[in-house]
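Trainee: Attaching a single structure in structure tokens format; questions to follow.
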Amino acid sequence: MYLALLVIFLHCSQLYAQKRVFTINTVEIKAQPSAKVKNGSPMSIICQADISKKNDFQLRHNFTVFKNGKLVFMITSDKGEARYGIPMARSSDTGDYECTVEAGGKMKSSNSLHVWVTGMTKPILTAEKKEVLEGEVVKLRCELPEEEPPLTFFFRKINMNSTPKEKHVSELYRNFSTTEFAVEDGDNILHFDCFGRRYVNLELETSEPSNRTLVTVKEPFIKPTLIAKPSRNITEGDRMQIECSTVVAQIRGIEIILQKNKTILNSVHDEKHLKYSTVATVEDSGEYLCKVEQGRASKMTKLNVVVAELFPKPVLTASAFRVDENKELTLSCSISGFRKANFSILRRNSNGDLQWLKNSRNLTMRVYVNNTGSYICKAEVKGIVKESKPIRINVYAPVSKPTLSVVSGLPEVVLGKPLWLICRSVMGTPPITFTFYKGGEVKKIVVNNTYATFLDENIRQNDIGGYKCDARNHHSSGMKTSNVLNITVIVPIRNASLGSNPYGEVEDGSDALFLCTVEEGSWPIHFKIFKKTDRDDLVYETSENADRILWHKKVMKREDTGTYYCIASNRANVDVRSQPITINVILAAWQKGMIAAFFLIPIAGAIALTLWWFLFKKKTAKRPSMEMSRSAFGTNLASEKLTRENNDGDYYSGSSYIEDGENHMKSTDENKGPDLESAEVEYTEVEVSTLDPHRAPVQKATETVYSEIRKANNENTRAS
């Protein structure tokens with residue numbers, strides 16, 4: 043029974059589920075009356091769901107509205123539509139709206155809808171004070187209560203007598219801003235307002251102006267009064283007085299300043315009146331300004347004063363502006379169309395001070411170099427003193443004869459190097475004009491005080507003289523010329539070479555000649571010959587007025603074997619090194635003979651003893667007849683040996699024994715000959731010749747010297 047009830051229940055559930063089949067086709071969102079409305083107008087956001095159902099049954103929907111991703115509205119309804127109403131749209135309602143519908147576990151969202159509320163609310167402006175004093179500030183606050191930042195606030199100060207002044211302030215995080223305006227001189231009734239701006243979708247929106255706020259201004263003092271006494275038009279020599287005054291409510295902190303051309307002439311503190319008095323001159327003409335200040339308040343008055351000229355400035359003249367030393371100079375001071383004045387003539391020193399010379403219209407004096415300077419004259423009439431324009435008087439001493447020298451000191455230059463010359467004149471008033479000559483041709487003109495330099499970069503080998511210089515100034519004596527300076531051009535060393543005789547090999551105990559030559563170079567030349575070692579030993583050194591040197595090395599020894607080279611230098615301070623040559627000191631002929639004899643005698647004795655032992659063994663092994671025959675032959679051989687020793691006393695006995703042995707072996711046994719031939723000793727006769735160094739004269743050319751060295755060697759050989 044229970045099983046039957048379960049089957050019936052499941053069947054009923056399937057039937058119920060089949061009745062509630064539905065699907066959400068679309069979800070749409072829209073704005074009424076449109077997606078773009080004016081600020082303050084009503085607006086609605088409508089969300090609609092299009093749902094298909096298999097049967098007619100009631101379905102509840104959950105509607106959710108988002109603005110810029112944030113939840114702003116939610117409602118549950120059994121209808122397919124929901125409405126989010128905004129009675130009065132504001133700028134803050136601008137944004138991207140989206141609607142989501144959820145029903146029966148199914149959910150679907152609409153597309154995004156951008157809603158733009160155009161225009162801005164009217165800002166509210168408030169002022170901290172309604173009444174201020176000149177010099178104070180007005181503090182303002184402007185607010186856009188229903189707008190969202192970022193915003194820009196614009197404040198305006200409106201004065202009836204001037205162009206409105208404007209300030210703007212950007213606010214990123216709040217919807218209000220504050221600022222201050224200074225109350226200036228002349229402000230009395232001020233009006234202030236403000237407005238706001240913002241960017242929406244890259245478009246600029248501006249609010250309407252705020253309410254206008256009225257601020258009244260009180261004066262702490264009145265505009266100052268400025269007068270000139272006796273009048274604004276006066277004559278030089280008259281006393282002039284300038285007065286400035288004001289009316290102030292509170293004298294504490296008041297300051298009055300009188301200035302002309304931004305130069306302050308006088309000032310007073312905590313007083314209402316200022317006076318300035320002076321004897322008028324033409325320089326006192328101009329615009330005067332009186333300024334009254336108290337705190338931030340400031341007011342000013344201007345007055346133009348004209349001072350007529352009593353007499354013109356004097357003029358100073360001179361008999362000459364360039365005067366020779368110990369000559370007379372006349373100075374004259376005059377005023378055009380005016381003669382009744384007190385004149386004085388003065389000279390301005392190097393430190394700027396004036397030195398009085400004479401109270402007179404004219405001055406005549408004998409001048410010297412220290413009288414060079416600037417001169418003026420003064421004229422005084424009715425207490426008014428005027429100065430003339432300064433004139434420059436230059437007194438010249440004649441130049442002395444200049445001296446021309448090389449900057450480095452010595453009158454020489456290395457070929458290819460620059461030459462610095464200096465021309466100096468000990469006496470003479472600068473500026474001095476120096477002229478340099480090379481071979482009569484002008485090379486350079488220099489204006490300087492006491493000396494000048496000249497650089498000659500084009501030095502040739504034949505440039506050995508012709509330099510001179512002139513010096514002159516404004517003295518009437520004219521030009522002075524130096525002595526002619528001759529320059530020695532030093533040619534650097536070029537291509538050093540080293541040779542020897544004998545070349546390559548030198549017998550021990552004999553002499554050797556070393557010849558070091560250069561192709562080019564100024565004398566004297568310093569020659570050095572080195573033997574290469576760990577530190578390169580200097581073996582010969584000399585200085586000669588020649589392009590070669592010959593070094594006679596006597597008694598060459600085995601330790602003289604090695605590599606040699608020479609270095610040549612002169613005043614050009616450039617060392618030129620030759621290619622190296624190698625000298626090998628070998629044994630002399632007689633030394634070779636002694637060595638040969640010393641080594642060959644023991645060898646020959648050993649060979650002879652070996653042969654004797656061999657022959658002795660052979661004898662004992664043969665027949666008696668053979669022994670007798672060998673005995674007879676040995677006797678004859680001994681006799682022959684004695685005979686040869688007597689006849690050839692210079693022969694070495696070991697050699698004779700070897701030769702006799704060879705002959706005996708050849709006669710007795712032909713097959714033993716090759717063994718004995720290996721014991722032969724060859725002799726080489728060595729002839730020793732001594733080099734005579736006195737027969738090798740030194741020549742100028744390298745080829746001649748070597749020819750002489752070879753000739754000396756040939757003569758020694760023939761003499762031997």
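Be aware that the sequence shown starts at 43, since it is given in the numbering used here, and climbs by one per residue. Each residue gets a CB set at the ideal place from its N, CA and C atoms; glycine is no exception. If you're wondering where the values come from, they're calculated on a predicted model, not measured in any experiment.
Quickly, what does DSSP pair E185 with across the bridge? List them, please.
Mentor: In the DSSP output, where bridge partners are listed per residue, E185 has I166 and F218.
Trainee: By a C-beta neighbour count over all protein chains shown, 10 Å radius and 16 as the cutoff for buried, is S219 buried or exposed?
Mentor: buried
Trainee: Across which residues does DSSP place K661 in a beta bridge pair?
Mentor: Within the DSSP secondary-structure output, K661 pairs in no beta bridge.
Trainee: Check whether the stretch 329-339 touches the stretch 291-302, counting contact only when three or more Cβ pairs, one atom from each stretch, lie closer than 8 Å.
Mentor: Yes: the two stretches touch, three or more of their Cβ pairs being nearer than 8 Å.
Trainee: Under 8 Å by Cβ, that's how I've got S152 and R125 pegged, so tell me the actual separation to the nearest angstrom.
Mentor: Contact between S152 and R125 does not hold, since the beta-carbon distance rounds to 14 Å and is not under 8 Å.
Trainee: Below 8 Å on the Cβ atoms is my guess for P187 versus I200; work out the distance and round it to an integer in Å.
Mentor: So it is not a contact: roughly 24 Å between Cβ atoms.
Trainee: Where S402 and N393 are concerned, what is the direct C-alpha to C-alpha distance, given to the nearest angstrom?
Mentor: Cα to Cα, the separation comes out at about 24 Å.
Trainee: Relative to the alpha-carbon of K148, which residue among F64, G82 and A73 has its alpha-carbon at the smallest distance?
Mentor: F64
Trainee: From what residue to what residue does the beta strand (DSSP E) around F478 run?
Mentor: I474 to K480
Trainee: Return the bridge partner residues of K150 from the DSSP annotation.
Mentor: V143
Trainee: Enumerate, from N- to C-terminal direction, the unbroken beta strand (DSSP E) stretches of 3 or more residues contained entirely within the stretch 190-270.
Mentor: Segments of the beta strand (DSSP E) lying fully in the stretch 190-270: 193-201, 207-213, 218-224, 231-242, 245-248 and 255-260.
Trainee: In the stretch 563-635, which residue ranges form an unbroken beta strand (DSSP E) of at least 3 residues, counting only runs that do not cross its ends?
Mentor: 567-573, 579-586, 590-595, 604-611 and 623-628
Trainee: Go to Y545, then tell me how far its beta strand (DSSP E) extends in each direction, as first and last residue.
Mentor: Taken as a continuous stretch (DSSP letters only), Y545 belongs to no beta strand (DSSP E), as it is neither H nor E.
Trainee: Within the same chain, show all residues whose beta-carbon is closer than 7 Å to that of V324, passing over the 5 residues directly before and after it, in chain order.
Mentor: E278, V349 and E351
Trainee: Closest to F385 by CA distance: which of I426, V365 and F363 is it?
Mentor: The residue with the shortest Cα to Cα distance from F385 is I426.
Trainee: Could you name the residues that DSSP lists as bridge partners for W462?
Mentor: L497
Trainee: Would you call the stretch 513-525 and the stretch 454-474 in contact, with 3 or more CB pairs under 8 Å?
Mentor: yes
Trainee: Can you tell me which of the three DSSP states D553 falls into?
Mentor: coil
Trainee: Does the beta-carbon distance from T603 to N587 come in below 8 Å?
Mentor: no
Trainee: Between the C-alpha atoms of E313 and I293, what's the straight-line distance to the nearest angstrom?
Mentor: Here the alpha carbon of E313 sits roughly 7 Å from the alpha carbon of I293.
Trainee: DSSP beta-bridge partners for H103?
Mentor: S119
Trainee: Residues in its own chain within less than 7 Å of I377 by CB, not counting five upstream and five downstream?
Mentor: Apart from the 5 residues on each side of it in sequence, I377 sits with its Cβ closer than 7 Å to the Cβ of F353, P354, P356, A383 and A421 in its chain, given in chain order.
Trainee: Could you give the residue range of the beta strand (DSSP E) that holds F455?
Mentor: Strictly speaking, residue 455 in this sequence is Val, with Phe absent from that position. First-last of the beta strand (DSSP E) with V455: E454 to V456.
Trainee: For D120 and E144, what's the separation of their Cα atoms in angstroms?
Mentor: 11 Å
Trainee: Helix, strand or coil for T288 per DSSP?
Mentor: coil
Trainee: In whole angstroms, give me the CA-to-CA distance for S249 and D235.
Mentor: 12 Å
Trainee: In the structure shown, what three-state DSSP assignment does S133 receive?
Mentor: In this structure, S133 counts as helix in the three-state DSSP scheme.
Trainee: May I have the straight-line CA-CA distance separating P191 from Y215, to the nearest angstrom?
Mentor: 6 Å
Trainee: Could you say which of E261, D280, A360 and I645 lies nearest to S340 if we only look at CA atoms?
Mentor: E261
Trainee: Decide if E170 is buried, meaning its Cβ has at least 16 other Cβ atoms within 10 Å, or exposed.
Mentor: Exposed is the call here.
Trainee: If you reduce the DSSP assignment to three classes, tell me which class D326 lands in.
Mentor: D326 falls in the helix class under three-state DSSP.
Trainee: Using a threshold of 8 Å, state whether the C-beta atoms of G161 and M130 are closer than that.
Mentor: For the pair G161 and M130, the CB atoms are not nearer than the 8 Å cut-off.
Trainee: Just the Cα atoms here: how many angstroms apart are G508 and A614?
Mentor: Each residue's Cα considered, the two are about 22 Å apart.
Trainee: State the CB to CB distance for the pair G122 and H103, rounded to an integer number of angstroms; the pair is presumed to be in contact (CB under 8 Å).
Mentor: 7 Å
Trainee: Bridge partners of I433, per DSSP?
Mentor: Y417
Trainee: Measure the Cβ-Cβ separation of K78 and W158 and say whether it is below 8 Å.
Mentor: yes
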